[in-house]
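Engineer:
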Amino acid sequence: MATNTKISSDNKQLIKRSDKIAHFKQDVWSIFTPLAQQFNAANLGQGFMDFPPPDFVIEAANRAINNRNDHQYSPPKGRANLKSILAKSYSPLFKRTLDPDSEILPTAGANEGLYAIFAAFLDPGDEVILIEPFFDQYIANITMNGGVPVYVPLRPMGDTNKIMSSRDWKLDINELRSKITSKSKIIVFNTPHNPVGKVFSIEEMAEINKLAEEFNLMIISDEVYDRLYYDPDVHERIANLPGAWERTITVGSGGKTFGTTGWRIGWLIGPKHLIGAALSAQTRIVFCVNTPLQEALAISFDLAETNNYFENTIGEYTRRREKLMKALTDVGLPYTIPQGSYFILANTAKVKIPEDYPYPDVILQRPRDFKVCYWMAKEIGVVAIPPSEFYCEENAHLA
1 MATNTKISSD NKQLIKRSDK IAHFKQDVWS IFTPLAQQFN AANLGQGFMD FPPPDFVIEA
61 ANRAINNRND HQYSPPKGRA NLKSILAKSY SPLFKRTLDP DSEILPTAGA NEGLYAIFAA
121 FLDPGDEVIL IEPFFDQYIA NITMNGGVPV YVPLRPMGDT NKIMSSRDWK LDINELRSKI
181 TSKSKIIVFN TPHNPVGKVF SIEEMAEINK LAEEFNLMII SDEVYDRLYY DPDVHERIAN
241 LPGAWERTIT VGSGGKTFGT TGWRIGWLIG PKHLIGAALS AQTRIVFCVN TPLQEALAIS
301 FDLAETNNYF ENTIGEYTRR REKLMKALTD VGLPYTIPQG SYFILANTAK VKIPEDYPYP
361 DVILQRPRDF KVCYWMAKEI GVVAIPPSEF YCEENAHLA
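Numbering (UniProt numbering), first residue to last: 1 to 399.
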């Protein structure tokens, strides 16, 4: 018994973690999201709504759940109803007739879709170019599949101590070119951008596409906020540029589109040879995607058009954007006016926080913006997310 007890107490040493996860720090979401409940604070950090989806979306879920035929495995390729309605909705936006069977793949959320792409295309040592700031899950998705992240930042061209527009955050195309090597395989592109809110212009996308074509890079276009843009009044797609379709997978999100992040339904759109590879990987990751909620999402897309949902959502979020910008202006914090998505990047450099504040160890080990956000959650009652988490160490000063 004594020997067994010792083995049990030492199991952390006996069972070694994989090197794939050994370097992971505690993620920013598991640090800050619980603070909203702990401090009874408003959670303005994590990308989900504090209000329910529209009634027609909830009714769509009820209809799907109540259908006795929608409770077993789905085909790994996804439910035909969802694929068909996605093809109907997105064909005009991609300026081509999408084949629902071979050019669209429902996924278990956009994040799993990204993981499946990296699993399908990365070999050990392949490099993936990320534009900073970036969605933090990109890193784990890349490294767990043997890839190596390479970073190129968006740089603010205006005075960050004043209110500026997200269009003033620019990608230096020559800096991007300098990061391309013989090992470069993929570039991840995000528009509308999280968290800057930048909606890339067709001219900016053309420069990226030109490099991708020159160096034979695959493009992952993360467009989970494609239905939420304020200025300009159009969302351009890099896959529509000459020569881009054959090398691009576009990632979408039902959770972001309908305010149902807990459903975990996303999709990939791209040419047959790319989607087929992602399907091969996804089949080994999750096998198939949630059956009733695929059907619910299909119904929601169908009803969205008759309810003017997408237009109304832009109007509603425009009002919310104005309200939050006014609050930041009133307290004297400069910020970036987002052209799209539902985040606002604020400059908290002028926020004075006590040097001897009782921060937990997990906060003390991180940059200053972690301390600001923790202090705000506890003392002000507002949870925000520190942007340094979305940069590599070298460029964290840009946060």
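The C-beta atom is built at its ideal place from N, Cα and C for all residues, glycine as well.
Since we're looking at a predicted model, the values are computed, not measured.
1. In angstroms, rounded to a whole number, what distance separates the CA positions of Arg79 and Ala278?
2. Which value, in whole angstroms, describes the spacing of the CA atoms of Phe390 and Pro54?
3. Since Leu130 contacts Lys198 with CB under 8 Å, what's their CB separation in whole angstroms?
4. Taking Asp356 as the reference, give the member of Lys371, Lys25, Val234, Ile104 with the closest Cα.
5. Using three-state DSSP, classify Lys185 as helix, strand or coil.
6. Buried or exposed: which applies to Gly315, given that a residue is buried once 16 or more other Cβ atoms fall within 10 Å of its Cβ?
7. Less than 8 Å between the CB atoms is what I'm expecting for Pro232 and His71, so what's the real figure, rounded?
8. Taking 6 Å as the limit between beta carbons, can you name the residues of its chain near Gln365, skipping five residues before and five after?
9. Using alpha carbons as the reference points, say which of Pro106, Lys378, Ser341 lies closest to Asn43.
10. Please go through the stretch 221-307 and give each complete alpha helix (DSSP H) segment of 4 or more residues, from N-terminal end onward.
11. At which residues does the beta strand (DSSP E) containing Ile58 begin and terminate?
12. Let me make sure I understand the geometry here. Which of Pro354, Met49, Glu295, Met376 has the alpha-carbon closest to that of Asn62?
13. Which same chain residues, not among the five before or five after Phe215, have their C-beta less than 7 Å away from its C-beta?
14. If you measure between the beta carbons of Ile344 and Ser165, is that distance less than 9 Å?
15. Using 8 Å for Cβ pairs, my map puts Ser148 next to Gly125. What's the rounded Cβ distance?
16. Which of the three DSSP states is assigned to Arg17 in this structure?
17. Three-state secondary structure (DSSP) at Ile337?
18. By DSSP, does Ile314 sit in helix, in strand, or in coil?
19. The ligand HEM and Val224: does the residue's C-beta get closer than 8 Å to at least one heavy atom of that ligand?
20. For Ile353, name the three-state secondary structure that DSSP assigns.
21. Using the Cα positions of Asn67 and Ala60, report the straight-line distance between them to the nearest angstrom.
22. Helix, strand or coil for Leu82? Go by DSSP, reduced to three states.
23. Can you give the beta carbon distance from Leu268 to Leu105, rounded, assuming they're within the 8 Å contact cut?
24. How would you call Glu132, buried or exposed, if buried means at least 16 neighbouring beta carbons within 10 angstroms?
25. Comparing alpha-carbon positions, which option in Ala304, Ser178, Glu103 lies nearest Pro84?
26. With distances taken Cα to Cα, identify the nearest neighbour of Glu394 among Leu274, Val150, Val234.
27. In whole angstroms, give me the CA-to-CA distance for Leu171 and Asn69.
Structural biologist: Reading off the structure:
1. By 1-based counting over the sequence shown, the position of residue 79 is 79. By 1-based counting over the sequence shown, the position of residue 278 is 278. Using only the alpha carbons, I get a separation of about 16 Å.
2. The sequence position of residue 390 within the sequence shown is 390, counting from 1. The sequence position of residue 54 within the sequence shown is 54, counting from 1. Cα to Cα, the separation comes out at about 31 Å.
3. The residue labelled residue 130 in the question sits at position 130 within the sequence shown. The residue labelled residue 198 in the question sits at position 198 within the sequence shown. In fact, because the Cβ distance is near 15 Å, the residues do not count as touching under 8 Å.
4. Start at 1 with the first residue of the sequence shown, and residue 356 comes out as number 356. Measuring from the Cα of Asp356, the nearest candidate turns out to be Lys371.
5. Position 185 of the sequence shown, counted from the first residue, corresponds to residue 185. If DSSP states are grouped into helix, strand and coil, Lys185 belongs with the strands.
6. Translated into the one-based positions of the sequence shown, residue 315 becomes position 315. Exposed, because fewer than 16 other Cβ atoms sit within 10 Å of the Cβ of Gly315.
7. Looking up residue 232 in the sequence shown gives position 232. Looking up residue 71 in the sequence shown gives position 71. With a Cβ gap of about 43 Å, Pro232 and His71 do not count as contacting.
8. Mapped onto the sequence shown, residue 365 falls at position 365. Within the same chain, Gln365 has no close Cβ partners at all.
9. For the purposes of this step, residue 43 is taken as residue 43 along the sequence shown, with counting starting at 1. Among Pro106, Lys378, Ser341, the Cα nearest to that of Asn43 is on Lys378.
10. 254-258, 272-285, 291-306
11. Taking the sequence shown and counting its residues from 1, the one referred to as residue 58 is at position 58. No beta strand (DSSP E) contains Ile58, which is instead part of the alpha helix (DSSP H) from 55-65.
12. As a first step, residue 62 is located in the sequence shown; it is residue number 62 there, counting from the start. With distances taken between Cα atoms, Asn62 lies closest to Glu295.
13. Taking the first residue of the sequence shown as position 1, residue 215 is located at position 215. Ile180, Ser184, listed in sequence order.
14. Locating residue 344 in the sequence shown gives position 344, counting from the first residue. Locating residue 165 in the sequence shown gives position 165, counting from the first residue. It is not a contact, given that the beta carbons lie outside the stated cut-off.
15. Mapped onto the sequence shown, residue 148 falls at position 148. Mapped onto the sequence shown, residue 125 falls at position 125. First, the residue type needs correcting, since residue 148 is Val and not Ser in the sequence shown. Rounded, the Cβ-Cβ distance is 6 Å, consistent with contact.
16. One-based indexing of the sequence shown puts residue 17 at position 17. Looking at Arg17 - three-state DSSP - the assignment turns out to be coil, as it is neither helix nor strand.
17. Position 337 of the sequence shown holds residue 337. Looking at Ile337 - three-state DSSP - the assignment turns out to be strand.
18. Stepping through the sequence shown from its first residue, residue 314 is reached at position 314. In the structure shown, Ile314 sits in a helix (DSSP, three-state: H, G or I).
19. The ligand content of the structure shown is nil, which means the ligand HEM is not present either.
20. Locating residue 353 in the sequence shown gives position 353, counting from the first residue. Reduced to three states, the DSSP call for Ile353 is coil.
21. For the purposes of this step, residue 67 is identified with residue 67 of the sequence shown, where counting begins at 1. For the purposes of this step, residue 60 is identified with residue 60 of the sequence shown, where counting begins at 1. Cα to Cα, the separation comes out at about 11 Å.
22. Start at 1 with the first residue of the sequence shown, and residue 82 comes out as number 82. Helix at Leu82.
23. Translated into the one-based positions of the sequence shown, residue 268 becomes position 268. Translated into the one-based positions of the sequence shown, residue 105 becomes position 105. Going by Cβ atoms, the distance from Leu268 to Leu105 rounds to 4 Å, so yes, they are a contact pair.
24. Here the question's residue 132 lines up with position 132 in the sequence shown. Label assigned to Glu132: buried.
25. Translated into the one-based positions of the sequence shown, residue 84 becomes position 84. For clarity, residue 84 is Ser in the given sequence; the question names Pro instead. Nearest option by C-alpha distance: Glu103.
26. On the sequence shown, residue 394 is found 394 positions in, with the first residue counted as 1. Cα-wise, what sits closest to Glu394 is Val150.
27. Against the sequence shown, residue 171 aligns to sequence position 171. Against the sequence shown, residue 69 aligns to sequence position 69. The alpha-carbon atoms of Leu171 and Asn69 are separated by roughly 49 Å.
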